[in-house]
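Asks: The structure is given below, and queries will be raised subsequently.
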Amino acid sequence: ITEIMDASGDGMGNLLAAPHALAVGPDDSLYITGNVSDNVFRIYPGGVIRQILDSAGAGIGAPLDNPTGIAVAGNGKIYVAAFGSENAFEISQGGGVTELMDSTGDGINGFTEASDFCVAVDDGGTLYLAGTGTDNVYRVLLTCGDGAIDAGLEVCDDAGASATCDDDCTVPVCGDGNLNGAAGEQCEVDADCSGGMTCGGCVCS
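Numbering-wise, the sequence shown is residues 820 to 1024 according to the numbering used here.
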């Protein structure tokens, strides 16, 4: 038995208070929601801890308060639901944050009090959210890769990785965690390089 994280959070001033939900990503990274500290952390397989979402959420009008549920899709996108702010977020591999749903739900039926096990995502990328306070469940269709840009959810969509679009429908940026060979990237981290080479500027040398 080994303790891998404590109240000090990432050790850079971002504390962890009342860890609530856990999820494991496709690369074996562990994701943790801090229910009282209003944040989300990622622990990389090598043990490095980084805060990936804080109380600011997606910005003005879309804060994160009391995150309770978390799920990770096969493409590495992270989904977080919050009890206090009554909303749900998507975090792209590049770190971009989008509010997917707020307390208005589908515009007819509300969404409140997201609880412990309120978020799930299937292999096709379809998201499911449960509203404990409103006694309902929502399905959110996420269609990255269909060749059509969904406003508010996608920056681009080339139906697969290309020189101008990552396979998570974000624009390729060196260091975004999404290795895109079509964009000329050889690596994102040293582990992507072989033969003892290191990664710098997404090139192995």
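The beta carbon of each residue, even a glycine, is placed where N, CA and C say it ideally should be. For clarity, every value in this text was computed on a predicted model and none was experimentally measured.
Output the distance between the C-alpha atoms of Gly1015 and Gly950, rounded to the nearest integer angstrom.
Replies: As a working note, residue 1015 is residue 196 in the sequence shown. As a working note, residue 950 is residue 131 in the sequence shown. One C-alpha to the other measures close to 49 Å.
Asks: Tell me whether Ala1010 sits in a helix, a strand or coil according to DSSP, three-state version.
Replies: Residue numbering aside, residue 1010 sits at position 191 when the sequence shown is read from its first letter. Reduced to three states, the DSSP call for Ala1010 is helix.
Asks: Who are the Cβ neighbours of Gly828 in its own chain at under 6 Å, not counting the five residues just before and after it?
Replies: Looking up residue 828 in the sequence shown gives position 9. So the list reads Leu834 and Leu835, once near-sequence residues are dropped.
Asks: Report yes if the C-beta distance between Val938 and Ile862 is below 8 Å; otherwise report no.
Replies: Counted from its first residue, the sequence shown places residue 938 at position 119. Counted from its first residue, the sequence shown places residue 862 at position 43. No, Cβ-Cβ distance for Val938 and Ile862 is not below 8 Å.
Asks: Is Val891 buried or exposed, if buried means 16 or more other CB atoms sit within 10 Å of its CB?
Replies: Locating residue 891 in the sequence shown gives position 72, counting from the first residue. Label assigned to Val891: buried.
Asks: Per DSSP, Met920 forms a beta bridge with which residues?
Replies: Here residue 920 refers to the residue found at position 101 when the sequence shown is read from its first residue. DSSP output for Met920 lists Ala907 as bridge partner(s).
Asks: Count the other CB atoms within 10 Å of the CB of Asp942; is the residue buried (16 or more) or exposed (fewer)?
Replies: Locating residue 942 in the sequence shown gives position 123, where the first residue counts as 1. It counts as exposed.
Asks: Compare the beta carbon distance of Thr917 and Phe908 with 8 Å and say whether it is the shorter of the two.
Replies: On the sequence shown, residue 917 is found 98 positions in, with the first residue counted as 1. On the sequence shown, residue 908 is found 89 positions in, with the first residue counted as 1. Yes; because the gap between Cβ atoms is below 8 Å, this pair is in contact.
Asks: So what's Gly1000 in DSSP terms, helix, strand or just coil?
Replies: For this step, residue 1000 is matched to residue 181 along the sequence shown. Note: Gly1000 maps to helix in three-state DSSP.
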